[in-house]
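Structure representation (structure tokens):
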């Protein structure tokens, strides 16, 4: 049976179409999920796409956290059962929902940054990164205004100690993220937040590479293996 | 007397014919006001005066430009692809497979000077709604920008503000910004140009028009509520000179909310898909005045509106202010009564406010004859009773006097050929680097990096390449390419030729990515139409564009005119920005401008003449503007375009780059930098002329070894001069010529290319 991966649309979601395309290209079925329906439609995994959910009013992701759909998603994700990938605004939503520690703040340049970005993959055992090799460098797209990952030193130390930094920026820190962090995972390895956009590096024609596809191939591998992700 | 204190009703107007009215403050001429009195056979009410003043403003009525713009229709080439021509919100062209594309460029110059961030942001918002109104999904934006000198203080205020406004609004809408252009010049200090372009895709059957048919159908206002922002923007801001009091016009600039616009886009597209609307109009310049008069005039001619039902952000707004408000993110739909409940449910799903404010009515034959009948009430009292067509379609038309300025002869006689030229290789090298690094030629990444170019996942080519190209859908290999170009220096020297050169450059930029040019949009930025010299420039520009489009078979589908871009008596260099749209059957065959394939042969297509008038070299090295611009050869442009599109189609070329600002030297440097490879080039003629001339109809092409003969044969078939000038490889640009050799390391090229804007914006 094909894996079914939900892609959530909040008002103001922008990269939902792109996330759905990436899911399909990886060979899974993409299932549209609507913010206002507290219904996960029985999907095997969920992508929270990029964009400006609810206009990013108040703080990025702060309102999306309270969407009816999130009331279903958050407990399932927290228990380790439901794999969730939050990209860009999705990462911000995961932090606001306390599924991941820390926060995303304004880029150090105070400007929006759209550029091709090299990442080094560091934890390749999560539900969303197992198709990569540890230390592998991949070229994806970074496009965000509030992409600077921050957390207190103790939290950063814990993330490092537990191997929960899944990817770091290489060739220069684009936005002031602490310790060059581009993405992190939770203690179960089922929830991953990533500031850059792997779903924009899935076709040679439109992306800087096809190396983002691995995130979506990973979830297929993870679901097929039937074992919970381990950190 | 009215029940509402101070309300100027139709009855009051009839009773008090001699009440003085503030037509002049609203930007209306005395004879225009007299004409309104004649149409109504009485003095207008305050509300009617508001409607006429904005609808007859230069910005909305095109009263000074109309007589010249009509050539675009009269000289329009026969073209089966044109589905909707000029006059609607945007033109629509057939691109095959049952799909159509709509595109348009529009100015938001004056607001962007007064308040750069919001001015530019709402410029994007406005053009996106125009495209949405045609029934299309907006899929990409571009922008053409002009600023004062990069080192001027005010540029440090205007440029970052404009760029952040475009970035903020476009990025939040989820529309990729795929290209455009940027230029600098002294005249644009105080008169920045912000021209925003949007392109949308739809199926043929989805085309929507601004019309209100069917008596009994409901008039629905949806989107944002109406506030006191942008009141009279069209008449007060966009249609007059700035003076010492410009800063007091800040409330005339609208404030944008891209989140609401994103909801409005998704909501409208769902309404279209479920066949919920019979007519639609966006609220842009002139707000409700424009939407009601245009919808009514495009339908039965009759409409009743209860103006007090318009939802307000500020309950103190008067009817006149409501009519003139340019609050953003609003649309007006005509809906059948039976569909109202479903219509409102869809709006509710998207969190979009929707209110029924009136209905379409029948008109008598006599009323139809007069231009229809639009009635508006305010808490039950009639405040508007006018023929809507007289406001929307029958505004004043001016035949402004125009004359070629006497100074034009001296300007053209001041030939750039007499300027001192570089002596020896070191000076050639130094001037090449200066031209390459000049603002407007050099790297725009500081700006373009703030725009999302990837969202929607259909961007096939984008900045810094010659055109932006979008795949029209996931299930098709078909794409559209777009480029905008304008060269105020060329147009200043010869408005007719300069406009054709801008058109030719955009045409070439589309062709060089492998697409075939199909249709044209334009944004004509000029000084005051009351200056006969400016009006002459405008007349020459429109004649030049109409003739060029006729010759190359690309109809003008729509556009925009922006007058009054001047400081005191000094107008900007006339700056027509021409947008060309092309179609490519298979986006996988698109060409980009980076020469990245080691060993590829480099060919130069076209003929190089010693042409330096208005050139970047003359500007950058000598601060000189004089002489004649390069010669126009549209037949050569068409032949070049055909060679490029065919070379892409047959896979003969691996990359291609057009020659324009700066000439061959700049083009070679850019292709080398973008490809990350050096170039070894050998030139047979005078190195200075070869490197810096800006002759038109030229491009450089990278061809794989083994394909040289086929490529040369292809060029020959179309009569395009072709010369093999070099090879891709190494880590420098090396130009050997009869007098010596010019060599620049890629690292040095990059340093010069990238320096200017980041240095000027340092710390901002």
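Chains as they are written, first to last, in my numbering: chain R, 971 to 1201; chain L, 2 to 765.
The beta-carbon is built from N, C-alpha and C at its ideal position, and this holds for glycine as well.
List the residues that DSSP assigns as beta-bridge partners of residue 199/L.
-> Taking the first residue of the second chain as 1, we reach residue 199/L at position 198. Residue 199/L pairs with 105/L, 142/L.
Three-way DSSP call (helix, strand, coil) for residue 756/L in this model = Taking the second chain and counting its residues from 1, one reaches residue 756/L at position 755. Residue 756/L falls in the helix class under three-state DSSP.
Per DSSP, which one or two residues make a beta bridge with residue 746/L?
-> For the purposes of this step, residue 746/L is taken as the residue at position 745 of the second chain. According to DSSP, residue 746/L bridges with 733/L.
What residues in the region 1062 to 1077 of chain R have a beta carbon less than 9 Å from any beta carbon of chain L?
-> Those would be none; no residue qualifies.
Roughly how many whole angstroms lie between the Cα atoms of residue 251/L and residue 162/L?
-> Taking the second chain and counting its residues from 1, one reaches residue 251/L at position 250. Taking the second chain and counting its residues from 1, one reaches residue 162/L at position 161. Per-residue confidence for residue 251/L stands at a pLDDT of 43, beneath the threshold of 50, marking its modelled position as unreliable; the derived number appears in the next sentence. Roughly 15 Å separates the two Cα atoms.
Within 10 angstroms of the Cβ of residue 245/L, are there 16 or more other Cβ atoms? Answer buried if so, exposed if not.
-> Indexing the second chain from 1 puts residue 245/L at position 244. Any reading at residue 245/L is ruled out, since the residue's pLDDT is 44, under 50, leaving its predicted position unreliable.
Return the residue from the list 537/L, 546/L, 528/L that minimises the CA-CA distance to residue 520/L.
-> Counted from its first residue, the second chain places residue 520/L at position 519. Out of 537/L, 546/L, 528/L, 546/L has the C-alpha closest to the C-alpha of residue 520/L.
Leaving out the 5 sequence neighbours to the left and right, which residues in its chain are closer than 6 Å to residue 618/L when beta-carbon positions are compared?
-> Mapped onto the second chain, residue 618/L falls at position 617. Residues 436, 693 of the same chain have their beta carbon placed closer than 6 Å to that of residue 618/L, with the five preceding and five following residues left out of the count.
Evaluate residue 423/L with the Cβ neighbour count: other Cβ atoms within 10 Å of its Cβ, from every protein chain shown; 16 or more gives buried, anything less gives exposed.
-> Against the second chain, residue 423/L aligns to sequence position 422. Buried, because 16 or more other Cβ atoms sit within 10 Å of the Cβ of residue 423/L.
Using a Cβ-Cβ cut-off of 7 Å (strictly less than) and excluding sequence neighbours within five positions of residue 80/L, which residues of its own chain qualify?
-> Position 79 of the second chain holds residue 80/L. Excluding residues within five positions, the ones whose Cβ falls inside 7 Å are 554, 556.
Could you give the distance in angstroms between the alpha-carbon of residue 37/L and the alpha-carbon of residue 215/L?
-> Mapped onto the second chain, residue 37/L falls at position 36. Mapped onto the second chain, residue 215/L falls at position 214. Roughly 28 Å separates the two Cα atoms.
Under 8 Å between C-beta atoms of residue 1083/R and residue 1113/R | Counting from one through the first chain, the residue named residue 1083/R turns up at place 113. Counting from one through the first chain, the residue named residue 1113/R turns up at place 143. Yes, these two residues count as a Cβ contact at 8 Å.
Whole-angstrom Cβ separation of residue 280/L and residue 212/L, contact assumed at under 8 Å?
-> If you number the second chain from 1, residue 280/L lands on position 279. If you number the second chain from 1, residue 212/L lands on position 211. Rounded to the nearest angstrom, the Cβ distance from residue 280/L to residue 212/L is 4 Å, consistent with a contact under 8 Å.
Coil, strand or helix - residue 1011/R by DSSP = Along the first chain, read from residue 1 onward, the residue named residue 1011/R stands at position 41. Annotated three-state conformation of residue 1011/R is coil, per DSSP.
Residue 442/L by DSSP, collapsed to three states: which one?
-> As a first step, residue 442/L must be located in the second chain, where it is residue number 441. In the structure shown, residue 442/L sits in coil (DSSP, three-state: anything other than H, G, I, E or B).
Contact list for the region 137 to 162 of chain L against chain R, Cβ threshold 7 Å | Those residues of the region 137 to 162 of chain L that come within reach of chain R (Cβ to Cβ, closer than 7 Å) do not exist; the list is empty.
So what does DSSP say about residue 209/L, is it helix, strand or coil?
-> Indexing the second chain from 1 puts residue 209/L at position 208. Of the three classes helix, strand and coil, the one that applies to residue 209/L here is coil, per DSSP.
Nearest neighbour of residue 221/L, chosen from 499/L, 321/L, 284/L [CA to CA] | The sequence position of residue 221/L within the second chain is 220, counting from 1. From the listed residues 499/L, 321/L, 284/L, the smallest Cα separation to residue 221/L is found for 284/L.
For the candidate residues 463/L, 513/L, 296/L, 187/L, whose alpha-carbon lies nearest to that of residue 373/L?
-> Within the second chain, residue 373/L is the residue found at index 372, counting from 1. Nearest C-alpha to residue 373/L: 296/L.
Three or more C-beta pairs below 8 Å linking the region 665 to 685 of chain L and the region 729 to 743 of chain L = Between the region 665 to 685 of chain L and the region 729 to 743 of chain L there are three or more C-beta pairs closer than 8 Å, enough to call the two in contact.
Where does the unbroken beta strand (DSSP E) through residue 1181/R begin, and where does it stop?
-> Here residue 1181/R corresponds to residue number 211 of the first chain, with the count starting at 1. Careful: residue 1181/R lies outside any beta strand (DSSP E) and carries neither H nor E.
For the region 528 to 537 of chain L and the region 558 to 567 of chain L, state whether three or more C-beta atom pairs, one from each stretch, are separated by less than 8 Å.
-> Yes, the region 528 to 537 of chain L is in contact with the region 558 to 567 of chain L.
Please list the segments of the beta strand (DSSP E) lying wholly inside the region 378 to 451 of chain L, counting only runs of 3 or more residues, in order along the chain.
-> Correct list: 382 to 387.
With which residues is residue 185/L paired in a DSSP beta bridge?
-> The sequence position of residue 185/L within the second chain is 184, counting from 1. Looking at the DSSP assignment, residue 185/L forms a beta bridge with 148/L.
Could you give the residue range of the beta strand (DSSP E) that holds residue 1120/R?
-> For the purposes of this step, residue 1120/R is taken as residue 150 along the first chain, with counting starting at 1. 1118 to 1120 is the span of the beta strand (DSSP E), which, as asked, contains residue 1120/R.
Sorry if obvious, but does the Cβ on residue 167/L come closer than 7 Å to a heavy atom of the ligand NAP?
-> Looking for the ligand NAP in the displayed structure turns up nothing, as the structure carries no ligands at all.
Let me know the secondary structure DSSP gives residue 623/L once reduced to three states.
-> Along the second chain, one-based indexing puts residue 623/L at 622. Look at residue 623/L here: in three-state DSSP terms it is helix.
Does DSSP put residue 591/L in a helix, in a strand, or in coil?
-> Position 590 of the second chain, counting from 1, holds the residue named residue 591/L. Residue 591/L: coil per DSSP, three-state reduction.
Alpha carbon to alpha carbon, what distance is there between residue 988/R and residue 332/L?
-> Here residue 332/L refers to the residue found at position 331 of the second chain. Here residue 988/R refers to the residue found at position 18 of the first chain. Near 28 Å, if we compare the C-alpha coordinates of residue 988/R and residue 332/L.
For residue 987/R and chain L, any beta-carbon pair shorter than 8 Å?
-> Residue 987/R sits at position 17 when you count from the first residue of the first chain. For residue 987/R, the nearest CB of chain L lies under 8 Å from its own CB, placing it at the interface with that chain.
What do you reckon, are the CB atoms on residue 1120/R and residue 1167/R nearer than 8 Å?
-> Residue mapping note: residue 1120/R aligns to position 150 of the first chain, counting from 1. Residue mapping note: residue 1167/R aligns to position 197 of the first chain, counting from 1. Against a cut-off of 8 Å, the Cβ pair of residue 1167/R and residue 1120/R comes out as no contact.
How do the region 591 to 604 of chain L and the region 646 to 656 of chain L stand: do at least 3 beta-carbon pairs fall below 8 Å, yes or no?
-> Taking a cut-off of 8 Å on C-beta distances, the region 591 to 604 of chain L touches the region 646 to 656 of chain L, as three or more cross pairs fall below it.
Are any of the Cβ atoms in chain R nearer than 8 Å to that of residue 190/L?
-> One-based indexing of the second chain puts residue 190/L at position 189. Closer than 8 Å: no.
Residue 1199/R burial status per 10 Å Cβ neighbour count (16 or more: buried) | In the first chain, counting from the first residue as 1, residue 1199/R sits at position 229. With a pLDDT of 45 at residue 1199/R, under the threshold of 50, the modelled position of that residue is not reliable, and no figure is offered here.
Straight-line Cα distance separating residue 352/L from residue 981/R | As a first step, residue 981/R is located in the first chain; it is residue number 11 there, counting from the start. As a first step, residue 352/L is located in the second chain; it is residue number 351 there, counting from the start. Here the alpha carbon of residue 981/R sits roughly 9 Å from the alpha carbon of residue 352/L.
State the DSSP-derived secondary structure class of residue 529/L, mapped to helix, strand or coil.
-> Here residue 529/L refers to the residue found at position 528 when the second chain is read from its first residue. Of the three classes helix, strand and coil, the one that applies to residue 529/L here is coil, per DSSP.
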